[in-house]
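Trainee: Read in the UniProt record's numbering, the sequence shown has 194 at position 194, and its numbers run on one by one without any break.
The structure that follows is given in the form of structure tokens.
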Amino acid sequence: MKITRRLLGKVALGLVGATMLMQVPALAADKPAPFDKPGVKIALVRYLSTGDFFQAYLSGVEAQSKALGIDLRVLDSRQDAALQSDMVDQAIALGVQGIIIQHGLTESMKDAAQRAVDAGIKVVAFDVNVENPKIPQIEQSDKDLARLALEQAVKDNGERWNAGYVYVAGIAPLDRRNETWVDVKKKYAGIKEVAMFGTLDNPIANSVANQARSVLTAHSDINVMFAPYDEFAKGVKIAVDEAGLNKKIKIYSADISTSDIAAMREPDSAWAATAATNPAVVGQVSVRALAQLLAGEDPGHNVIVPPTLITQKELIDKDIKNMEDLSAKLPQFAHADVAMPAWMPNPNAK
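Right, dumping it as structure tokens:
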């Protein structure tokens, strides 16, 4: 790879912004190489980092990395596609053995991921399709996330309703969730999409709220909002509450966090249900799949973490107030037995 002044500058910037976790616990003798010795170095190259989901995802990456004795570098492009691509080159220059690519755009990350593979680095991708058979795709089973939420919407509202839909094309998980939405509209002729809107401009929730205010003004017939990302749902809820429509409109989403739980538990909250995986568990699975590659094992091309439906009623009935309660009272949410060979340490083990 040609090392240019521009690239060296970006490496320096990346190092300034990188999170470096140097904890190296003692490793069990029965772990395979290279984890039989300390010093394995990996990078997490992020496109999206705003919101509770991504903070929890990072905590999972950090926890599993610590359990394996990994030296983790975190490079955050803050939704700059060109910078994220460059950050893959930064990671290569830093001499990492593995890279997790977290979200991003196919057109900007496909070639970058291939450069890492060509450099002999193991790569996994979470929620970005890099179109590479050598790179496992970590997924939340996005079609199931959308399916669970929409099945609950049909259960609650019947087979005829007018929907506002929040969507941004080009983001792999949103595109997969959109496929399910398209199928549901075909299945139920009485479900009408009367408005589609969405943005990933930061802060995402506030930006979506601005759009939702206009949508609600223009479409007074909306009675369901499908917002299949929790930052989208937060924005829609802001607008619905301001308009005094919280008893008329129900919101269905994907993903979950402690602040989401609080919003869903509010009296007369419009936020009726969400489908989610534990983002911290998804972060752990991302590291485990990469660790399997580094150990010469095959985690499979599609590494899927199964989701859980979480309703407002369930949160209230089971007195679930935060993510800790959710994991304790819904055990299927606390751990996914995915990419978990016998030698892999479980950071959730007591």
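Beta carbons are placed, not taken as given, at the ideal position from N, Cα and C, and that holds for glycine.
Once DSSP output is grouped into helix, strand and coil, what is the label at Val-208?
Mentor: Note: Val-208 maps to helix in three-state DSSP.
Trainee: Near Val-130, which residues of its chain fall below 6 Å by C-beta distance, leaving aside the five closest residues on each side in sequence?
Mentor: These residues qualify, in order along the chain: Met-109, Lys-110 and Ala-113.
Trainee: With respect to the beta strand (DSSP E) encompassing Tyr-165, which residues constitute its N-terminal and C-terminal limits?
Mentor: Segment 161-166, the beta strand (DSSP E) holding Tyr-165.
Trainee: Under three-state DSSP, which class holds Phe-226?
Mentor: Reduced to three states, the DSSP call for Phe-226 is strand.
Trainee: CA-CA distance, Gln-284 and Leu-145?
Mentor: C-alpha separation (whole angstroms): 19 Å.
Trainee: Give the single residue among Arg-115, Thr-106 and Ala-195 whose Cα lies nearest to the Cα of Ala-93.
Mentor: Here the closest residue by C-alpha is Arg-115.
Trainee: From this set, Asn-202, Lys-234, Lys-192 and Ile-191, which residue's C-alpha is nearest residue 351's C-alpha?
Mentor: Outside the displayed span of the chain (1 to 350) sits residue 351, for which this structure offers no information.
Trainee: So, is the C-beta of Val-224 closer than 7 Å to a C-beta in chain D?
Mentor: Here chain D cannot be found, since the structure has a single protein chain.
Trainee: Checking 7 Å against the spacing of the C-beta atoms, do Asn-162 and Lys-185 come in under that value?
Mentor: Going by C-beta atoms, Asn-162 is not nearer than 7 Å to Lys-185.
Trainee: Provide the residue span of the beta strand (DSSP E) that contains Leu-72, from first to last.
Mentor: Looking at the DSSP string, the run of the beta strand (DSSP E) that includes Leu-72 is 71-76.
Trainee: Could you spell out where the alpha helix (DSSP H) holding Val-154 opens and where it closes?
Mentor: Element bounds for Val-154: 142-157.
Trainee: How is Met-109 classed by DSSP in three states: helix, strand or coil?
Mentor: Note: Met-109 maps to helix in three-state DSSP.
Trainee: Sort out for me which residues DSSP pairs Ile-171 with in a bridge.
Mentor: Answer is none; Ile-171 lacks a bridge partner.
Trainee: Tell me which residues share the same chain as residue 394 and place their Cβ nearer than 6 Å to its Cβ, disregarding the 5 neighbours each side in the sequence.
Mentor: A query on residue 394 cannot be resolved here, the shown segment of the chain reaching from 1 to 350 and no further.
Trainee: Could you please give me the residues that DSSP links to Asn-302 through a beta bridge?
Mentor: DSSP output for Asn-302 lists Gln-137 as bridge partner(s).
Trainee: List the DSSP bridge partners of Thr-311.
Mentor: DSSP lists Ala-273 as partners of Thr-311.
Trainee: Just checking my contact of Met-87 with Val-45 at CB under 8 Å: how many whole Å lie between their CB atoms?
Mentor: Contact holds; Cβ gap of about 5 Å.
Trainee: Output the distance between the C-alpha atoms of Leu-72 and Ala-91, rounded to the nearest integer angstrom.
Mentor: Cα to Cα, Leu-72 sits roughly 11 Å from Ala-91.
Trainee: So what does Arg-46 bridge to, in DSSP terms?
Mentor: In DSSP, Arg-46 forms a bridge with Asp-76 and Gln-102.
Trainee: By a C-beta neighbour count over all protein chains shown, 10 Å radius and 16 as the cutoff for buried, is residue 358 buried or exposed?
Mentor: Limits of the chain in this structure are 1 at one end and 350 at the other, which puts residue 358 out of reach.
Trainee: Please work out which residues of its chain come closer than 6 Å, Cβ to Cβ, to Pro-173, disregarding the five sequence neighbours upstream and downstream, and give them in chain order.
Mentor: The answer, listed in chain order, is Asp-127 and Asp-142.
Trainee: Looking at C-beta atoms only, is the number of pairs between the segment 190-206 and the segment 222-238 that lie closer than 8 Å three or more?
Mentor: Segments in contact, yes.
Trainee: Once the 5 residues before and after Met-22 are set aside, which same chain residues still bring their CB inside 8 Å of it?
Mentor: Only weak support exists for where Met-22 lies, its pLDDT of 38 falling under 50; the coordinates are left without a value.
Trainee: Which of the three DSSP states, helix, strand or coil, is assigned to residue 394?
Mentor: The displayed coordinates of the chain run from 1 to 350. Any statement about residue 394 would go beyond what the structure contains.
Trainee: Are the beta-carbon atoms belonging to Lys-31 and Trp-271 less than 7 Å from one another?
Mentor: Contact: no.
Trainee: Measure the alpha-carbon distance for Asp-260 versus Asp-230 and round it to whole angstroms.
Mentor: If I take the Cα positions, the gap works out to 7 Å.
Trainee: Leu-140 and Val-282 look like a contact to me (Cβ under 8 Å); what is the Cβ gap, rounded to whole Å?
Mentor: The displayed chain sequence assigns Gln, not Leu, to residue 140. Yes, they are in contact, since the Cβ atoms of Gln-140 and Val-282 sit about 6 Å apart, within 8 Å.
Trainee: Do Val-168 and Leu-216 have their C-beta atoms within less than 7 Å of each other?
Mentor: Cβ atoms of Val-168 and Leu-216: not closer than 7 Å.
Trainee: What residues in its chain sit with their C-beta under 7 Å from that of Leu-105, if we drop five residues either side in the sequence?
Mentor: Closer than 7 Å at Cβ, skipping near neighbours: Ala-81 and Gly-170.
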